[in-house]
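Please read the structure below before turning to the comments.
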Amino acid sequence: MKWHLAKPRKSEVLLMLAVLIVAACGYFWHRSQSALKPGSNMTQQFGFYDLPQQQKELYDVQFSTVGETIISHVSSPNNPQFRLKGSFVQKNQAGEKRIFTYTPVHFVPSPDTPLLASNIDLLMHSQVRMQQLWPDGVPMVTMQNGMIFLYPLDDK
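Residue numbers for the sequence shown follow UniProt numbering, so the first one is 1 and each next one is one higher.
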């Protein structure tokens, strides 16, 4: 079987969806109740993979709640030059689905981080939707692009 390279537009869309997934991890709360308890922090690692180009990028991300805003700090363990700091603000809630907007506060791109850097614009101009589920008492978050991760956005 021979792999066919994805057209640039398809690759960009896939990468943009991946950025939305990463940015939205752990960032939902009700207007009356924060998704994360004030002052709480969460640190995790995520990656972007471009199979046709055989590229991968790993990032460390830290989320913290300040008031009603979730602040994200993204750095690359392989490239200390890359930094991204941004904020997620909830704009709307439709039932269990929460809608957020993203605003970058500080961005230092690097030539070694094209997969994430190329998708920052999409993240800024898209709505991030997440929903909290509790199957068998386990806190699970689902996103509109199919990403699933374990994290308690709110108390059951």
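Glycine is no exception: its CB is placed at the ideal position from the N, C-alpha and C atoms. Please read these numbers as outputs of a predicted model, since none were measured by experiment.
Classification of residue i by the beta-carbon crowding that lies within 10 angstroms, buried from 16 upward
{"i": "MET130", "result": "buried"}
{"i": "VAL128", "result": "buried"}
{"i": "GLN81", "result": "exposed"}
{"i": "VAL74", "result": "buried"}
{"i": "LEU51", "result": "exposed"}
{"i": "PHE107", "result": "exposed"}
{"i": "THR65", "result": "buried"}
{"i": "GLN90", "result": "buried"}
{"i": "THR103", "result": "exposed"}
{"i": "ASN78", "result": "exposed"}
{"i": "GLY26", "result": "For GLY26, the predicted structure reports a pLDDT of 45, less than 50, and the residue's modelled location is therefore unreliable. A value from the coordinates is still provided. Buried, since its Cβ has 16 or more Cβ neighbours within 10 Å."}
{"i": "ASN119", "result": "buried"}
Three-way DSSP call (helix, strand, coil) for residue i in this model
{"i": "PRO114", "result": "helix"}
{"i": "GLY137", "result": "helix"}
{"i": "LEU51", "result": "coil"}
{"i": "GLU12", "result": "helix"}
Assumed close pair residue i, residue j - CB separation to whole angstroms, cut-off 8 Å
{"i": "SER72", "j": "GLY86", "result": "5 Å"}
{"i": "PHE48", "j": "LEU133", "result": "Between LEU133 and PHE48 the Cβ distance is about 25 Å, and since that is not below 8 Å, they are no contact."}
{"i": "ILE99", "j": "PHE88", "result": "At roughly 11 Å, the Cβ-Cβ gap does not stay under 8 Å, so ILE99 and PHE88 are not in contact."}
According to DSSP, residues forming a beta bridge with residue i
{"i": "residue 180", "result": "Because the chain is modelled from 1 through 156, residue 180 falls outside the range shown and cannot be assessed."}
{"i": "ILE99", "result": "ASN92 and ARG129"}
{"i": "PRO109", "result": "Answer is none; PRO109 lacks a bridge partner."}
{"i": "GLY56", "result": "Per the sequence shown, the amino acid found at residue 56 is Lys instead of Gly. Beta-bridge pairing links LYS56 to TYR49."}
{"i": "ASN119", "result": "ASN119 pairs with nothing; no bridge assigned."}
{"i": "MET42", "result": "PHE63"}
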